[in-house]
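Numbering (our numbering), first residue to last: 52 to 440. Every residue gets a Cβ at the ideal spot worked out from N, C-alpha and C, and that includes glycine. Encoded as structure tokens, the structure appears first; notes follow it.
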């Protein structure tokens, strides 16, 4: 953490954003306090203090954020949202801003979207070999519905973008409806929701299927109407990609039936359900092999299931700036819909039956995937332990 000194708020904001982009931060928090303005960066999912500014800089930073985001500069009583884009290092970078009144001034949160979706070529999704094979096979189909599930911030949308980039070809029409568009992909028609202009999520979806698409991406299945449109599109010869909020893959069918989708339609339309989480990735430059002992488990450092397993620890180095971590990776669970799964879907089976079906077919649960990533040195054991419970 350092004291940031700048002649004015415009210069301060520019330096903050330059540092955030350089350090690959996903979010910037500017929080006015009594004695200073605290600036924190979220890097690899963790918030860390980066700068402190004089308290009299708070108002100027708020005005600058509103100017950049196209917000009402004179309004400071209610929350406001905005956005802007810049070309940095020949790449388009999008910034989403949220301004909210607080006791000492307006807090500002800026989401940074790099605009690039090149992680699939770099094998950075984190899928195990079998999972990658299933993923690529299913997105190569001409129809069916592929869902990614997980809590907010688990990387669901990134996985969908990776799929879109793989299916995007000159002979394929790909259309998405998103709120908002997080990454721009050449060759894909991306529709962004604009409530102020009357373009709601529902209107966009209803119009989407009349645009003669081959592949449809729906940012999120939110309700019965969205689910019905997605299922209908999958049943009429489209490949449909979307996200859903459930804790694991086997809970997704029940979530959709709760929305009012009949089991027989799910049986006919679903192709693949992916559940995922994001975890810190070990720094390859300073990781050291270890074996987790019973003593470590007894001290509650790691779960008993980790005893005797190989793992890696990283103390930090110049490459990872002393953090021991170098970015994040995904942990995946895949429910591939085959003949047996379709029978279970048609019978509205419980989640436990789908889990048993996955086990019999040798597909990994989230925990099993996590163990394999830990033993391969991709994920630190303490990070695996956090997701184990």
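- Annotated as distal: residue 353 and residue 278, with beta-carbon spacing of 8 Å or more.
- For residue 62, the uninterrupted alpha helix (DSSP H) segment begins and ends at 60 to 73.
- In the DSSP assignment, residue 308 falls within the unbroken alpha helix (DSSP H) covering 303 to 309.
- Inclusion of residue 314 and residue 245 in the CB contact set at 8 Å is not warranted, their separation being larger than that value.
- Distance from the CA atom of residue 260 to the CA atom of residue 249, rounded to whole angstroms, is 18 Å.
- Residue 212 carries a helical assignment under DSSP once its states are collapsed to helix, strand and coil.
- Between residue 324 and residue 291, the gap from beta carbon to beta carbon reaches 8 Å or more.
- Cβ contact annotation for residue 149 (same chain, cutoff 6 Å, sequence separation greater than five): 132 and 160, in chain order.
- By the Cβ rule, the stretch 92 to 103 counts as touching the stretch 70 to 77, because three or more pairs are nearer than 8 Å.
- Taking all protein chains in view, the Cβ of residue 414 is crowded by 16 or more other Cβ atoms within 10 Å, so the residue is classified as buried.
- Under the three-state reduction of DSSP, residue 182 is assigned to helix.
- Here the stretch 355 to 363 does not lie against the stretch 119 to 133, with fewer than 3 beta-carbon pairs under 8 Å apart.
- C-alpha of residue 154 to C-alpha of residue 83: approximately 8 Å in a straight line.
- In the three-state scheme derived from DSSP, where H, G and I count as helix and E and B as strand, residue 363 is classed as strand.
- Residue pairing by DSSP places residue 204 opposite no residue, since no beta bridge is assigned to it.
- In this structure, the beta-carbon distance from residue 327 to residue 199 falls below 8 Å.
- Residue 226 is classed as buried because its beta carbon has at least 16 other beta carbons within 10 Å across all chains shown.
- Taking the Cβ atoms as the reference, residue 108 lies roughly 6 Å from residue 63, within the contact range of under 8 Å.
- The beta-carbon separation of residue 136 and residue 145, rounded to 5 Å, stays under the 8 Å limit for a contact.
- The shortest C-alpha to C-alpha distance from residue 359 to any of 385, 403, 426 and 116 is the one to 426.
- Assignment of alpha helix (DSSP H) within the stretch 273 to 342, counting only whole runs of 4 or more residues, yields 275 to 286, 303 to 309 and 314 to 320 in chain order.
- When DSSP states are grouped into helix, strand and coil, residue 218 belongs to the helix group.
- Comparing alpha-carbon positions, the option among 230, 295 and 216 lying closest to residue 310 turns out to be 295.
- Look at the stretch 233 to 272 and you find these whole runs of alpha helix (DSSP H), each 4 residues long or longer: 252 to 259.
- With a 10 Å radius around the Cβ and a threshold of 16 neighbouring Cβ atoms, residue 191 comes out exposed.
- By the Cβ criterion, the stretch 365 to 375 is not in contact with the stretch 298 to 308, since fewer than three pairs of Cβ atoms, one from each stretch, lie closer than 8 Å.
- Looking at the DSSP output, residue 188 bridges to nothing.
- The stretch 140 to 167 contains, as complete beta strand (DSSP E) runs of 3+ residues, the segments 142 to 153 and 156 to 164 (chain order).
- Residues 133 of the same chain have their beta carbon placed closer than 6 Å to that of residue 121, with the five preceding and five following residues left out of the count.
- Per DSSP, the unbroken beta strand (DSSP E) holding residue 229 starts and ends at 225 to 229.
- In the DSSP assignment, residue 122 falls outside any beta strand (DSSP E), carrying neither H nor E.
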